[in-house]
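For reference, the structure discussed in these notes is given below.
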Amino acid sequence: MDISGEQQIDAPRERVWEALNDPEILRQCITGCESLEKISDDEMKAEVLAKFGPVKAKFKAKISIEDQIPPASCRLVGEGQGGVAGFAKGAAVITLHESDGGTRLEYKADMQVGGKIAQIGSRLVSGTTNKIVGEFFEKFPTLL
Amino acid sequence: MSVSVVMTVNGEVVAKHVEDRTLLVEFLREHLRLTGTHVGCDTSQCGACVVHANGKSLKSCTALAVQMDGAEITTIEGLANGDVLHPMQEAFRQNHGLQCGFCTPGMVMSAVDLVNENPDPSETEIREWLEGNICRCTGYHNIVKSISAGAKAMREGDPT
Amino acid sequence: MTDNNRGIGEAVVRREDSRFLQGRGQYTDDMNLAGQLFACIVRSQHAHATINSIDGSAAMAMDGVVSVLTHEDFAAYGGVPCGWGVNNKDGSPMAEPKHPILAEGVARHVGDPVAVVIAESPIIARNAAEHVQVSYSELPAVVSMQQALDASAKPIHGDTESNLCFDWELGDREAVDQAIAGAHHVTKLELINNRLVPNAMEPRCAIGDYNSATGDHTLYTTSQNPHVIRLLMGAFVLQIPEHKLRVVSPDVGGGFGSKIYHYAEEAIVTVAAMKLGKPVKWTSDRTEAFISDAHGRDHITTVELALDREGNFLALRESTHANMGAYLSTFAPAVPTYLHSTLLAGQYRTPVIYAEVKAVFTNTVVVDAYRGAGRPEASYLVERVVETAAREMGIDPVELRRKNFIKSFPHDTPVALTYDSGDYAATLDQAMIASDYAGFEARRAEAKQRGKLRGIGIACYVEACGVAPSNIAGALGARAGLYEAATIRVNPTGSISVLTGSHSHGQGHETTFSQLVADKLGIDYDSIDVVHGDTNRIPFGMGTYGSRSLAVGGTAIVNAVDKIIAKGKKIAAHLLEASEADIEFENGEFRVAGTDKMKPFAEIALTAYVPHNFPLEELEPGLEETAFYDPKNFTFPAGTYVCEVEIDPDTGTTEIVSFHASDDFGRIINPMIVEGQVHGGLVQGIGQALLEGCVYDTDSGQLISGSYMDYTMPRADDVPSFSVDTCVTECTHNPLGVKGCGEAGAIGAPPAVMNAIIDALSDYNVRHLDMPATPNKIWSIIHKASAAAA
Ligand code: FES
Ligand code: FES
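Protein chains in written order, with my numbering: chain E, 9 to 152; chain X, 2 to 161; chain Z, 1330 to 2119.
Laid out in structure tokens, this is it:
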């Protein structure tokens, strides 16, 4: 499943880049995120409680940040294990452009689910994911 | 966490301590050993688990036992009057409304509730009512026939 | 006879229903044994992955967890066996990869069992299963058969050369090629027989029990054939001698084929119970059933039918790919071959037929027999190609069929079968009248005024029931016998226990078999009891599948009854001081012919067990006989189905407005039960045609139609009530003249429905549509055609 979009943010590129690397801001923006910590410059781990239709699970996720070109772009690769509920994994390319005195953030992600979430919740995965992404960008600018 | 529940099941008061997450269907099957109520799915779609709670049909896999504290529950085991089958049970027997019997308790409990609400349902109304009950054996033909016959028998048996 | 209302031919109300209707059935999951533990199986979430490590320590540390088992715990045992070997065109055997009980280093489909957690309660087991850490490295998954056979695809098994299981053929290729090359008209179709999930309403369940003092194992399991499980699991998997293993299948909530096979979970609970010294129970939930029960169908086929100018069939050629899934399930190789291509003649005289079938391994759940097993696929392709040919040649589809019907019996088909009896015109004629076929165009016109597209479709199917005889099946790869056994135990006071190797999981054997015996012995139906489903109580038999119970199991019963009567005559002759040759048996009485000297059956029974006045020098006391019956041939039920549909062009929704079935099942014992079997089969067939389809994500191999929210089961408001009729031509090679009725509906319905839909869409130039014909597919066709016209 592919998810892409863009978001105009009323802040300079450097500030946006910093925020994207700030575990506390990220934690607050991700619905259901119970913890998120940076374990190195290019690795984070998180626990997210997510619900795909009838399947609810706590995902333990590992995210690595690759191809970092501050403050312009990076690639996030992650995999979350939800126990018997299954797993979700994916990658996202994020690009920051200067525009209109602020920053235009472009993202292009693809995601795959497996196990019970795929079996029972497939139809609901894109809806749930879009909702999480939407809420992220609603919250994100307010924390800058 | 263990909680105590008290309910009336098939006319008898039962009191038990159960884990708070115990489903009504587990309570009936495992704690009371009333195994006539079946489990056919884990997404509340099949209706094999239908019982009556306070006179209305309920998928017992969708309710926690604690939610039913104080309720009156009737299961398939409590439907007949001693050795005399309920008119709906008898109608299923006479019209070959069952094959493997696995969906049957849920079908019968659901059908009785339908007829309580709508004493003279049409074929279409019966088929629509059964939306939540899956049968893989009978092709529904004889279930529909059984319910029509059961409705008639319930009307005739009930002087009101 | 004391009760002439409950003999052969009577619609006797079923005796098993009293317990089912009062919630007193005894299904496997209804049983709990003292001290029982509960198993939860950790299954692969990946379609294809290397298992690097399995760490059960966190699970083991949890309160109430007793054991975590992995592949190593089963290393001493064999794998799950396959019961039918098929050879390639060149005579070499099929590829038969190892099917371990628990995945051994590699998981090959979503749902492949990887580890087992055993705990004191089901909830603890389930929670602990979450804590079993399995480290996987994902491998590319081959999901479709095309992917699997692509030259670049790696074999999913280390011990096979490719993903091809076998490449098999049947028939005279050269003759067929020639006939097709020279034909006036050739109709070619490519079609998919959609993959289905059987979905018996009772999920599978197994309980293992072990008595260390005696060394006796007991397995309670949801099986259609407990003796087959005892043989396969005992002899091939766990090396438990038969006398130390008892398999019990109590009430079973539907099977449709999916409960024939020996499954890994049966071996798992048996081994676990022995290791832990306590009974171990595993109950599947529905989500698990979708990824662990054998699926059905899944063929991709090209079929060609050659005709002469007058519409006579000249030849038929089939090329099919059949999905086996990740391993070979018990009877999987037989399904697309001997149970499929042998039926390609259908009801027609087609002189030459050639079939080639490639079976393929993919990273999906195993595929095996599901109601009809190979025959629905055959009937679907034959009836679709015949219908299409009729349209292309402008011949009335009914007339084209009639013209090509087999009219004299016995008939040898070019695909190895000999049809012993039938009257195809009779079922067709009956169906034409019952469905008012002649009045259809008026109904179509009337529907058009309401804005609906109405169509009519017919299908003339033939099926083969009661796979047999054993020696021929053996020569064709069967690794078991195909007979059935029965014991008639007459009790001292004249009541009877019928011990049958057949198994009832909805078919009503307890009623039908009692009717049979009541009729044959002329004794009270209520004094007869039918015992099935327990290897310690019944003779070695093959169980119930392939609509064989009455034709094969029923015949074994009749033969055992005949032996009882023969012995009874000897006893009666002694008591009546007459010659054995003069004793007649009728209506429950042994009589000296032409006299009124007689002894009732019950008195003979008592004499046999209290042999005070008994010819002990010549005859053993007691009255109990066993018969094993190995049929000489299959039986061949056949019939015509007529389906009428209305399509709403705005939504693409298909409504089945009427459905008529005319079947020839031979002689009928209980018409009520037979009708019920037809209804059930029809709805499974209609489900396949309109609603059901198992969908895998083609990249990841994830099953995405894995619940009742995504896999559309037919519900009451999806189907109509049916009109069902029968004609009778008796089977010539069994004493009852019966043929079998369990699968007909599922075989004949899909082509009838699809032919009706194609007919309804005749204005839109649709030649073929693959099942399931969902509103979405139909709407797109109508929409595209309308857009093109605009
Ligand atoms: S068990 Fe299926 S709806 Fe309750
Ligand atoms: S009778 Fe078997 S599922 Fe309904």
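The C-beta atom is built at its ideal place from N, Cα and C for all residues, glycine as well.
* Check the Cβ of GLY1487(Z) against every Cβ in chain X and list those closer than 9 Å, keeping chain order. => The premise fails here: GLY1487(Z) is roughly 35 Å from chain X at the closest Cβ pair, so nothing lies under 9 Å.
* **Closest by C-alpha distance to ALA1815(Z), when choosing among THR1964(Z), SER1826(Z), ALA1809(Z)** => SER1826(Z)
* To do: Anything in chain Z within Cβ reach of GLU129(X), meaning under 9 Å, just list it in chain order.
  => ALA2045, ASP2046
* Cβ of VAL1819(Z) within 7 Å of Cβ of ALA1655(Z)? -> no
* Could you tell me whether the stretch 1949 to 1961 of chain Z touches the stretch 1792 to 1803 of chain Z, using the rule of 3 or more Cβ pairs below 8 Å? => yes
* To do: Taking PRO1410(Z) and PHE1619(Z) to be in contact with their CB atoms under 8 Å, please state how far apart those CB atoms are, rounded to whole angstroms.
  => Incorrect: roughly 24 Å between the Cβ atoms, too far for contact.
* Asked: Hey, out of ILE73(E), LYS139(E), GLY123(E), ILE102(E), whose CA is closest to GLU14(E)'s CA?
  -> ILE102(E)
* **VAL1526(Z) Cβ short of 6 Å to ligand 1 heavy atom set** => no
* Could you tell me whether the Cβ of SER1750(Z) comes closer than 7 Å to any Cβ of chain E? => No, because no Cβ of chain E sits closer than 7 Å to the Cβ of SER1750(Z).
* Burial state of GLU161(E) (16 or more Cβ within 10 Å) -> Residue numbering for chain E in the displayed model covers 9 to 152; residue 161(E) lies beyond these limits and cannot be assessed.
* Roughly how many angstroms separate the alpha carbons of ALA1885(Z) and PHE1660(Z), rounded to a whole number? -> 23 Å
* Determine the chain E residues that contact HIS1624(Z) at a beta-carbon separation under 9 Å, and present them in chain order. => Near HIS1624(Z) there are no residues of chain E at all, since even the closest Cβ is about 14 Å away, more than 9 Å.
* With which residues is TYR1539(Z) paired in a DSSP beta bridge? -> Paired residue(s): HIS1546(Z).
* State yes or no: is the C-beta of CYS104(X) nearer than 6 Å to some heavy atom of ligand 1? => no
* To do: Compute the minimum distance between the beta carbon of GLN100(X) and the heavy atoms of ligand 2, and state whether it is under 6 Å.
  => yes
* Cut-off 7 Å between Cβ atoms - residues of its own chain near ASP18(E), not counting five sequence neighbours on either side -> GLY110, PRO149
* To do: Give the DSSP-derived three-state secondary structure of ILE2110(Z) in the structure shown.
  => helix
* **For ARG112(E), the first and last residue of its enclosing beta strand (DSSP E)** => 110 to 122
* To do: Examine ligand 1 and report whether any of its heavy atoms sits within less than 6 Å of the Cβ of VAL40(X).
  => yes
* Asked: Mapping DSSP to helix, strand and coil, what is ASN1916(Z)?
  -> Under the three-state reduction of DSSP, ASN1916(Z) is assigned to coil, being neither helix nor strand.
* Looking only at its own chain, which residues have a Cβ that is under 6 Å from the Cβ of THR9(X), when we skip the five neighbours before and after it? -> GLU73
* **Reduced DSSP secondary structure (H/G/I, E/B, other) of PRO2043(Z)** => coil
* Asked: Along chain E, which residues have their Cβ under 9 Å away from the Cβ of THR1616(Z)?
  -> LYS124, GLN127, ILE128
* Under 7 Å between C-beta atoms, does SER2036(Z) make it to chain E? -> yes
* Three-state secondary structure assigned by DSSP to VAL1833(Z) -> Before going further, note that residue 1833(Z) is Ser rather than Val in the sequence given. DSSP places SER1833(Z) outside both helix and strand once states are collapsed to three, so it counts as coil.
* Asked: Does the beta carbon of GLN120(E) sit closer than 7 Å to a beta carbon anywhere in chain Z?
  -> yes
* Asked: In chain X, which residues lie less than 7 Å from ALA1644(Z) when you measure between Cβ atoms?
  -> Those do not exist, as ALA1644(Z) stays about 37 Å from chain X at its closest Cβ, beyond 7 Å.
* Asked: Where ALA2078(Z) and HIS2008(Z) are concerned, what is the direct C-alpha to C-alpha distance, given to the nearest angstrom?
  -> Here the alpha carbon of ALA2078(Z) sits roughly 10 Å from the alpha carbon of HIS2008(Z).
* Asked: Considering only the beta carbon of each residue, do ASN134(X) and MET108(X) sit closer than 7 Å?
  -> yes
* To do: Could you confirm whether any beta carbon from chain X is found closer than 7 Å to the beta carbon of ASN1999(Z)?
  => no
* To do: Given a cut-off of 7 Å, decide if GLY1951(Z) and ALA1937(Z) are closer than it, judged by their beta-carbon atoms.
  => yes
* How many Å lie between LEU1673(Z) and SER1708(Z) at the Cα? -> 7 Å
* Would the stretch 138 to 149 of chain E and the stretch 2045 to 2057 of chain Z be scored as touching if the rule is three or more Cβ pairs under 8 Å? -> The stretch 138 to 149 of chain E is not in contact with the stretch 2045 to 2057 of chain Z.
* Asked: VAL92(E) touches chain Z at which residues, Cβ-Cβ below 7 Å?
  -> Those are ALA1458, GLU1459, listed as they occur along chain Z.
* For ASN1652(Z), does the three-state DSSP call read helix, strand or coil? -> strand
* **Residue from THR44(X), CYS50(X), GLY83(X), HIS18(X) with nearest C-alpha to MET2(X)** => HIS18(X)
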